[in-house]
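Engineer: Quick one: the structure is below, and I'll ask about it shortly.
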Amino acid sequence: HKGPVFAPPYEPLPENVKFYYDGKVMKLSTKAEEVATFFAKMLDHEYTTKEIFRKNFFKDWRKEMTSEEKSTITNLSKCDFTHMSQYFKAQSEARKQMSKEEKQKIKEENERLLKEYGYCVMDNHKERIANFKIEPPGLFRGRGNHPKMGMLKRRIMPEDIIINCSKDSKIPAPPPGHKWKEVRHDNKVTWLVSWTENIQGSIKYIMLNPSSRIKGEKDWQKYETARRLKKCVDKIRNQYREDWKSKEMKVRQRAVALYFIDKLALRAGNEKEEGETADTVGCCSLRVEHIKLHPELDGQEYVVEFDFLGKDSIRYYNKVPVEKRVFKNLQLFMENKQPEDDLFDRLNTSILNKHLQDLMEGLTAKVFRTYNASITLQQQLKELTNPDDNIPAKILSYNRANRAVAILCNHQRAPPKTFEKSMMNLQSKIDAKKEQLADARRELKSAKADAKVRRDEKSKKTVESKKKAVQRIEEQLMKLEVQATDREENKQIALGTSKLNYLDPRISVAWCKKWGIPIEKIYNKTQREKFAWAIDMAEEDYEF
DNA sequence: TACGTCACTTAGTATCCTCGAC
DNA sequence: GTCGAGGATACTAAGTGACGTA
Numbered sequence: 001h002k003g004p005v006f007a008p009p010y011e012p013l014p015e016n017v018k019f020y021y022d023g024k025v026m027k028l029s030t031k032a033e034e035v036a037t038f039f040a041k042m043l044d045h046e047y048t049t050k051e052i053f054r055k056n057f058f059k060d061w062r063k064e065m066t067s068e069e070k071s072t073i074t075n076l077s078k079c080d081f082t083h084m085s086q087y088f089k090a091q092s093e094a095r096k097q098m099s100k101e102e103k104q105k106i107k108e109e110n111e112r113l114l115k116e117y118g119y120c121v122m123d124n125h126k127e128r129i130a131n132f133k134i135e136p137p138g139l140f141r142g143r144g145n146h147p148k149m150g151m152l153k154r155r156i157m158p159e160d161i162i163i164n165c166s167k168d169s170k171i172p173a174p175p176p177g178h179k180w181k182e183v184r185h186d187n188k189v190t191w192l193v194s195w196t197e198n199i200q201g202s203i204k205y206i207m208l209n210p211s212s213r214i215k216g217e218k219d220w221q222k223y224e225t226a227r228r229l230k231k232c233v234d235k236i237r238n239q240y241r242e243d244w245k246s247k248e249m250k251v252r253q254r255a256v257a258l259y260f261i262d263k264l265a266l267r268a269g270n271e272k273e274e275g276e277t278a279d280t281v282g283c284c285s286l287r288v289e290h291i292k293l294h295p296e297l298d299g300q301e302y303v304v305e306f307d308f309l310g311k312d313s314i315r316y317y318n319k320v321p322v323e324k325r326v327f328k329n330l331q332l333f334m335e336n337k338q339p340e341d342d343l344f345d346r347l348n349t350s351i352l353n354k355h356l357q358d359l360m361e362g363l364t365a366k367v368f369r370t371y372n373a374s375i376t377l378q379q380q381l382k383e384l385t386n387p388d389d390n391i392p393a394k395i396l397s398y399n400r401a402n403r404a405v406a407i408l409c410n411h412q413r414a415p416p417k418t419f420e421k422s423m424m425n426l427q428s429k430i431d432a433k434k435e436q437l438a439d440a441r442r443e444l445k446s447a448k449a450d451a452k453v454r455r456d457e458k459s460k461k462t463v464e465s466k467k468k469a470v471q472r473i474e475e476q477l478m479k480l481e482v483q484a485t486d487r488e489e490n491k492q493i494a495l496g497t498s499k500l501n502y503l504d505p506r507i508s509v510a511w512c513k514k515w516g517i518p519i520e521k522i523y524n525k526t527q528r529e530k531f532a533w534a535i536d537m538a539e540e541d542y543e544f
């Protein structure tokens, strides 16, 4: 491979773009100016109003200032970035207004870059690289209530980069005047380039595209492990139900946690360093404050109410009736504890996974998510597909099955910004269609009356054609209404994540083959590339 | 067993691009 | 031909889990 593509160097602002401090123009040093532009570019974002963001930003910004600047600029509220912000807005507007030729030129440059840096050769195969561009400097945007939001993500230099390539290959050349941090030849790992990021101190990697052999094989293995779980899941379920009665607290907690992971598809819940990241939890890290026990709720017995922030600070809210034994155990686990105490104080993911390893080779907590997602898709497809339906209706059924999985896995999205508007557009289409239908019905009625009087062939024919028109409009109306329901149901649900990461693609391929649905209706180009192995492999009788 | 490091998968959002309606 | 909605893609954060060491 040719190594990474670095972020373009900073281009100082034109002289006429001003920064003001305390109402007065101030010329910033290049370094300080660059960081200021990061903030200016985000000025419209809610982030820049948040106390933590501002504090972190200001602290890191000051580190980039000259001592003179440092002594002048002491208060972020006195900084005026609006002129800079306007400049960037104008720039992006200008970019949109560019001529076709200019746009074409940029496109060609991108293609050239992709051609040169976007591929590597692994085991004699040319493979696409996923992210060959190094992340540019900017302000860290954590998700949720992140304590480090606003910190400066520093610029990555060749001197930060570790190159991994085979011994006998041509070693990528660093940019002129620079050196790599290290060149190594480790064929036990899949990454080509790595560097350490300065916010969390974690390592970032450049790896291959999902279409590559190495990723595809891994993906396939993942689903094979989930299929092995299918064979022993009944035994495991019986086992944990037995364990609810165990004399040992640790075993009981393990069994209840596993029940949640299995039934609700919760994530494992590794421990996190406090204060380093947003406060989110998974199953093993649930705290007492995250659940409420209702001996009875809305006519159901033994209901557990979950309310916590999971990965990416996405809220998990669910009221679940559980078995009496689970309920009693939870009461026991919560005895004499504070809200901020761990629910499963004798348990962590390492203990749980060691136990799972004993039950089945290669079994870990996350396998349950894959298994339950895929098995749900298969069942739902069986249930929802109506053989007599046409292709669009069958695809709707597929989406419904997909949605059931997304709900199980709690895959959410922010409602699209244009959602209300597009919903209103659709509604006005529906209203118009309804009026059209009323008109058509009226016409039909008068045609019928007319035919009764005249009793001739011509008026009979008119009745028939008016009848057909009504039918057609009714169908169109129904379609629109289905579309509206579909969109409404999808408002806050993201289907993509489960499709890409949890659903054995062979189930979908088999379903397409069985019902004569073109695979392109289910998977777009990228997805077909990623799932090429499954499209090759699965026949219509494939069973997960 | 606690802890840190490392490698890899999973995740939502921002931005780009395409295609159909007008 | 223009415009905007929505799908595709790019981006990178945030998880999981293995492993080595004390």
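Residue numbers (this note's numbering): 1 to 544. We put the beta carbon where it would ideally sit given N, CA and C, even for glycine.
(1) Given a cut-off of 7 Å on the beta-carbon distance, is the pair residue 281 and residue 291 in contact?
(2) Round the Cβ separation of residue 337 and residue 288 to the nearest angstrom and send it over; I've been treating them as touching at under 8 Å.
(3) According to DSSP, which residues form a beta bridge with residue 316?
(4) Taking the continuous beta strand (DSSP E) assigned at residue 195, which residues delimit it?
(5) Restricting to runs no shorter than 4 residues, where is the alpha helix (DSSP H) found entirely within the stretch 138 to 164?
(6) When you measure from the CB of residue 155 to every non-hydrogen atom of the ligand NAP, does any distance come out below 6 Å?
(7) Rounded to a whole number of angstroms, what is the C-alpha to C-alpha distance between residue 208 and residue 119?
(8) Between residue 83 and residue 17, which are expected to be in contact by the criterion C-beta below 8 Å, what is the C-beta distance as a whole number of angstroms?
(9) How far does the alpha helix (DSSP H) with residue 546 in it reach, from first residue to last?
(10) Going straight from the alpha carbon of residue 20 to that of residue 91, what length do you get?
(11) Report the start-end ranges of each alpha helix (DSSP H) in the stretch 76 to 141 that is 4 residues or longer and not cut off at the edges.
(12) Do the stretch 266 to 281 and the stretch 309 to 329 meet, that is, are 3 or more Cβ pairs less than 8 Å apart?
(13) In terms of alpha-carbon separation, which member of 529, 331, 469 and 283 lies closest to residue 438?
(14) In whole angstroms, what separates the C-alpha of residue 81 from that of residue 332?
(15) Alpha carbon to alpha carbon, how far is residue 342 from residue 178?
(16) What separation, rounded to the nearest whole angstrom, lies between the Cα atoms of residue 138 and residue 153?
(17) Do the stretch 481 to 488 and the stretch 439 to 454 meet, that is, are 3 or more Cβ pairs less than 8 Å apart?
(18) Using a Cβ distance threshold of 8 Å, determine whether the stretch 29 to 37 contacts the stretch 1 to 13, with at least three qualifying pairs required.
(19) Quick one: using the 10 Å Cβ neighbour count with 16 as the cut-off for buried, is residue 505 buried or exposed?
(20) Quick one: what's residue 355 bridged to in DSSP?
(21) Can you confirm whether the stretch 394 to 407 touches the stretch 442 to 461 when touching is taken to mean that 3 or more C-beta pairs between the two stretches lie within less than 8 Å?
(22) Let me know if residue 523 comes out buried or exposed under the rule of 16 or more other beta-carbons within 10 Å of its beta-carbon.
(23) Identify, in the order they occur along the chain, each residue of the same chain with its Cβ nearer than 7 Å to the Cβ of residue 473, setting aside the five sequence neighbours on each side.
(24) Assuming residue 58 and residue 76 make a contact with CB atoms under 8 Å, what is their CB distance in whole Å?
(25) Once you ignore the five residues that flank residue 26 on each side, which residues in its own chain have a CB closer than 6 Å to its CB?
(26) Output the distance between the C-alpha atoms of residue 117 and residue 134, rounded to the nearest integer angstrom.
(27) Who are the near neighbours of residue 578 in its chain, counting only those whose CB is closer than 6 Å to its CB and skipping five residues on each side?
(28) Is the beta carbon of residue 270 less than 7 Å from the beta carbon of residue 385?
(29) Which same chain residues, not among the five before or five after residue 316, have their C-beta less than 7 Å away from its C-beta?
(30) Quickly, what does DSSP pair residue 208 with across the bridge? List them, please.
(31) Let me make sure I understand the geometry here. Which of 543, 526 and 319 has the alpha-carbon closest to that of residue 211?
(32) When DSSP labels each residue in this structure, what does residue 361 get in the three-state scheme?
(33) Return helix, strand or coil for residue 5, following the three-state DSSP convention.
(34) Going by DSSP in three states, residue 178 sits in which element: helix, strand or coil?
(35) What residues in its chain sit with their C-beta under 6 Å from that of residue 380, if we drop five residues either side in the sequence?
(36) Counting along the chain, where does the beta strand (DSSP E) carrying residue 25 start and finish?
Structural biologist: In short:
(1) Locating residue 281 in the first sequence gives position 281, counting from the first residue. Locating residue 291 in the first sequence gives position 291, counting from the first residue. In terms of Cβ geometry, residue 281 and residue 291 do not form a close pair [threshold 7 Å].
(2) Here residue 337 refers to the residue found at position 337 of the first sequence. Here residue 288 refers to the residue found at position 288 of the first sequence. The distance from the Cβ of residue 337 to that of residue 288 is about 5 Å, consistent with a contact at the 8 Å cut-off.
(3) Numbered from 1 along the first sequence, position 316 holds the residue referred to as residue 316. Beta-bridge partners assigned by DSSP to residue 316: 308.
(4) By one-based count along the first sequence, residue 195 stands at place 195. For residue 195, the enclosing beta strand (DSSP E) has its first and last residue at 193 to 196.
(5) With a minimum length of 4 residues, there is no unbroken run of alpha helix (DSSP H) contained wholly in the stretch 138 to 164.
(6) Absence of the ligand NAP from the depicted structure is noted, as is the absence of any ligand whatsoever, leaving it without description.
(7) Residue numbering aside, residue 208 sits at position 208 when the first sequence is read from its first letter. Residue numbering aside, residue 119 sits at position 119 when the first sequence is read from its first letter. Near 9 Å, if we compare the C-alpha coordinates of residue 119 and residue 208.
(8) Taking the first residue of the first sequence as position 1, residue 83 is located at position 83. Taking the first residue of the first sequence as position 1, residue 17 is located at position 17. Indeed they touch by this definition, with Cβ atoms about 6 Å apart.
(9) What is shown of the chain runs 1 to 544, which leaves residue 546 out entirely.
(10) In the first sequence, residue 20 corresponds to position 20, counting from 1. In the first sequence, residue 91 corresponds to position 91, counting from 1. Rounded to the nearest whole angstrom, the C-alpha separation of residue 20 and residue 91 is 20 Å.
(11) List check, alpha helix (DSSP H) in window: 82 to 96 and 100 to 117.
(12) With the cut-off at 8 Å, the stretch 266 to 281 and the stretch 309 to 329 touch.
(13) Position 438 of the first sequence, counted from the first residue, corresponds to residue 438. Per the C-alpha coordinates, the member of 529, 331, 469 and 283 positioned closest to residue 438 is 469.
(14) Along the first sequence, read from residue 1 onward, the residue named residue 81 stands at position 81. Along the first sequence, read from residue 1 onward, the residue named residue 332 stands at position 332. Whole-angstrom Cα-Cα distance: 56 Å.
(15) By 1-based counting over the first sequence, the position of residue 342 is 342. By 1-based counting over the first sequence, the position of residue 178 is 178. In a straight line, the C-alpha of residue 342 is about 50 Å away from that of residue 178.
(16) Translated into the one-based positions of the first sequence, residue 138 becomes position 138. Translated into the one-based positions of the first sequence, residue 153 becomes position 153. Going from the Cα of residue 138 to the Cα of residue 153 covers about 5 Å.
(17) No, because fewer than three Cβ pairs between the stretch 481 to 488 and the stretch 439 to 454 fall closer than 8 Å, the two stretches do not touch.
(18) They touch, by the three-pair rule.
(19) By 1-based counting over the first sequence, the position of residue 505 is 505. By the neighbour-count criterion, in which a residue is buried when 16 or more other Cβ atoms sit within 10 angstroms of its Cβ, residue 505 is buried.
(20) Reading the first sequence from its first residue, position 355 is the one you call residue 355. Its beta-bridge partners do not exist; DSSP assigns none.
(21) The stretch 442 to 461, when compared against the stretch 394 to 407, does not touch it at the 8 Å Cβ threshold.
(22) Here residue 523 refers to the residue found at position 523 of the first sequence. Classification for residue 523: buried.
(23) Your numbering for residue 473 matches position 473 in the first sequence. The residues are 433, 436, 437 and 440.
(24) Here residue 58 corresponds to residue number 58 of the first sequence, with the count starting at 1. Here residue 76 corresponds to residue number 76 of the first sequence, with the count starting at 1. Confirmed, Cβ separation roughly 5 Å.
(25) On the first sequence, position 26 is the one that residue 26 refers to. Excluding residues within five positions, the ones whose Cβ falls inside 6 Å are 19.
(26) Taking the first residue of the first sequence as position 1, residue 117 is located at position 117. Taking the first residue of the first sequence as position 1, residue 134 is located at position 134. Within the model, the alpha-carbon separation for residue 117 versus residue 134 is close to 12 Å.
(27) For residue 578 there is no data in the structure shown, the boundaries of the chain being 1 and 544.
(28) For the purposes of this step, residue 270 is identified with residue 270 of the first sequence, where counting begins at 1. For the purposes of this step, residue 385 is identified with residue 385 of the first sequence, where counting begins at 1. Contact: no.
(29) Translated into positions along the first sequence, residue 316 becomes position 316. Taking residue 316 as the centre and dropping the five residues before and after it, the same chain places the C-beta of 306, 308, 310 and 410 closer than 7 Å to its C-beta, in chain order.
(30) Within the first sequence, numbered from 1, the residue matching residue 208 stands at position 208. DSSP, once it has assigned bridges, lists 129 as partnering residue 208.
(31) What you label residue 211 is simply residue 211 of the first sequence in a count that begins at 1. Per the C-alpha coordinates, the member of 543, 526 and 319 positioned closest to residue 211 is 526.
(32) Here residue 361 is taken as the residue at index 361 of the first sequence, counted from 1. Looking at residue 361 - three-state DSSP - the assignment turns out to be coil, as it is neither helix nor strand.
(33) Counting from one through the first sequence, the residue named residue 5 turns up at place 5. The answer is strand: DSSP assigns residue 5 an E or B state.
(34) Translated into positions along the first sequence, residue 178 becomes position 178. Coil.
(35) In the first sequence, counting from the first residue as 1, residue 380 sits at position 380. 401 and 404.
(36) Position 25 of the first sequence holds residue 25. Residue 25 -> beta strand (DSSP E) spans 24 to 26.
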